[in-house]
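Under mature numbering (1 follows the signal peptide of the UniProt record, and there is no 0), read the sequence shown as residues -21 to -1, 1 to 438, first letter to last.
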Amino acid sequence: MKITVSLLFVCWLCACSSVWGQHLQRRPFLGVQVSAVSDSLAKSDKLPGTQGAFVRRVIPNSTAAALKLQAGDVIVRVNGTPVNNFMDVPALARQFRTGEPLALDLTRKGRRTTVKGKVQPMPFETDPNADVRYGEVPLADNRYARSILKKPKGKGRFPAVFFVQGYGCSSLDNLPAEDPQRQLIDELVARGYAVFRMDKPGSGDSQGSKPCTEIGYQEELEAFTAGLKLLKQDPSVDPDNVFLFGHSLGGNTAPLMAAREKVKGLMVYGITGKPWFEYLLEVYRDQRTLLGTDYVQVDQDMRTVVPLLYEFMIQKKKPEELAQNPNYRAALENIMDYDGQGHLYGRHYTFLQDLQDLPMNEAWRDANAYTLAIYGEADVPALDPEGAQLVVNLVNSYYPGKATYAFLPRTDHGFMEVGTMEEYLKRRESAESDTFQPRFNPKLVDLVDNWMKDKLKRA
């Protein structure tokens, strides 16, 4: 049985500006959000089975919009290649080239049809209320990563925030207006900050040694650190007032960056303060019971999970080696989303193993920066406030009074206002989960803005 857990891994799927640099090309943009075809839909649309990809949303100014796809369509072939499940669509889209012909075979309200056109490029982000500047971060081996600096209109040097995203490989380029990351960024710009973000190596327009899903953590860290160094040299940024906002796994990345490139302050949200082996053990025991798994079942599962995680995270065994044990294989597939091709939770297994070896306590000590550690009341992946409190205690042990803990009521891991933890979990199990529309919690902006304004006055 497939077991669902929620870790510090968040994938945000979506897929007049100025552009600095000429090394990166705009990537193709299909612009469609898809999900699995349900049994009921297959029956109503007279489909032969649940193969295909159900179109949930068509994003404006995209290839899908140009081809006049509609929500409710089912994509069954892409350029003649059958779509066996919805994950085939993004996999096939990664092979597109801007300007090339594209044909999609669909089922629309029970009828077969084909739409044809050309692959469109990802549109640039624009904002009438801000300056949006696309740039490039030089990486190793003559590669470049896409960066975006969004700032208030006009000249001058602005305090800056580098938004460091979490585990996934999704692009932060031209996020939809309703995306909570976009809302956080836009609200900070409206309050006078220049906000910098960049795509990971091998993601979006960015070049990498391999696709993002195949690289290790160190390549990702090196890229972010290079981006921070470049940001501090930007003529529109006050280099003495640069802050990092690390979300989820980005909350681990941020102090590692700051240990190398000094910043004024660190803000982290939804983090663990423990080594990843210990964090994963807590996820598989404590979070699963929180989400309603039977306590006895969890206890039985942990007899397999504990030695499996030790051999994987500590002894660095490969998943294909571990999968030779039938019990381990079941746990890898059902709990860790192992695909049989070296990936766990959508990333190469070495990425996870790298996380175990990060010198986090040293990084927090060496960063020597003002620190704000935030816990959202309904943050399931973070489990509890202990991670944020550990960070605050650690920093204050070296620099008394320099770190602050903040509790953000009624807010989940993705900055959305969803109610208390109890209300959120109860809603997940009810029919209301299909109709409830959470919204971005603007109190997060108030919290970080007030904290940064206080630190801007200090040396």
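Here a beta-carbon is modelled for each residue, glycine too, at the ideal position from N, C-alpha and C.
Spatial neighbours of residue i in its chain, beta-carbon cut-off 7 Å, leaving aside the 5 residues before and after
| i | result |
| --- | --- |
| F137 | K130, P131, G171, Y172, A173, S215, V216, D217 |
| F415 | R406 |
| N153 | M101, P102, F103, E104 |
| K296 | E290 |
| V168 | A109, K129, K130, P131, V174 |
| E261 | L362 |
Three-state class that DSSP yields for residue i in the structure shown
| i | result |
| --- | --- |
| R437 | coil |
| D84 | strand |
| Q75 | Before going on, a small fix: residue 75 reads as Phe here, not Gln. F75 falls in the coil class under three-state DSSP. |
| P117 | strand |
| residue 449 | Not covered by the structure: residue 449. The range shown for the chain is -21 to 438. |
| residue 440 | Outside the modelled stretch of the chain, which goes from -21 to 438, sits residue 440, for which no answer is possible. |
| Q332 | helix |
| I38 | coil |
| M315 | coil |
| D363 | coil |
| F203 | helix |
| S215 | coil |
| E261 | helix |
| P234 | helix |
| E401 | helix |
| R282 | helix |
| A32 | strand |
| A(-7) | Bear in mind that a pLDDT of 33 at A(-7), under 50, signals an unreliable position, so the model cannot answer this. |
| N372 | helix |
| R122 | coil |
| N340 | helix |
| P155 | coil |
| I164 | helix |
| K130 | strand |
| Y172 | coil |
| L387 | strand |
| residue 461 | Absent from the structure is residue 461, since the part of the chain shown begins at -21 and ends at 438. |
| P27 | coil |
| V53 | strand |
| I293 | helix |
| V242 | coil |
Nonlocal neighbours in the same chain, by C-beta distance under 6 Å from residue i, ignoring five residues either side
| i | result |
| --- | --- |
| I427 | Per the sequence shown, residue 427 should be read as Val rather than Ile. Taken in chain order, the residues that qualify are M246. |
| Y349 | G244, K381, K434 |
| S185 | A124, R125, D178 |
| G366 | I250, T251, G252 |
| R87 | D52 |
| G135 | none |
| V370 | G252, A352 |
| P190 | G181 |
Cβ-based burial, residue i [other Cβ within 10 Å; buried from 16]
| i | result |
| --- | --- |
| T25 | In the sequence as presented, Thr is not what sits at residue 25; that position holds Lys. Exposed, by the Cβ-count rule. |
| S376 | exposed |
| I314 | buried |
| I353 | buried |
| T251 | buried |
| S227 | buried |
| T60 | exposed |
| R91 | exposed |
| Y196 | buried |
| E240 | buried |
| Q294 | exposed |
| S182 | buried |
| V275 | exposed |
| residue 439 | The chain is shown only over -21 to 438; residue 439 falls outside these bounds and no answer can be derived. |
| P80 | exposed |
| Q162 | buried |
| N121 | exposed |
| N220 | buried |
Rounded Cβ spacing between residue i and residue j (contact assumed at less than 8 Å)
| i | j | result |
| --- | --- | --- |
| Q30 | N64 | 7 Å |
| R389 | A357 | 6 Å |
| L210 | A139 | 6 Å |
| M400 | F419 | About 18 Å; that fails the 8 Å criterion. |
| Q99 | T42 | 4 Å |
| V111 | I127 | 7 Å |
Cβ neighbours of residue i in the same chain (closer than 8 Å, five flanking residues each side left out)
| i | result |
| --- | --- |
| F256 | L288, Y289, M292, I293, Q335 |
| L200 | T232, L235, M236 |
| R68 | Residue identity differs from the one stated: residue 68 is Val in this sequence, not Arg. Closer than 8 Å at Cβ, skipping near neighbours: L9, V11, V13, A32, I54, V57, V62. |
Counting beta carbon pairs with one atom in the segment 305 to 313 and one in the segment 327 to 341, are three or more of them shorter than 8 Å?
no
Assess, as a yes-or-no matter, whether the segment 52 to 62 is touched by the segment 31 to 41 under the definition of 3 or more beta carbon pairs within less than 8 Å.
yes
Just checking, does the segment 3 to 15 make contact with the segment 70 to 77 on the three C-beta pairs under 8 Å criterion?
yes
At least 3 beta-carbon pairs within less than 8 Å: the segment 336 to 348 vs the segment 229 to 238
yes
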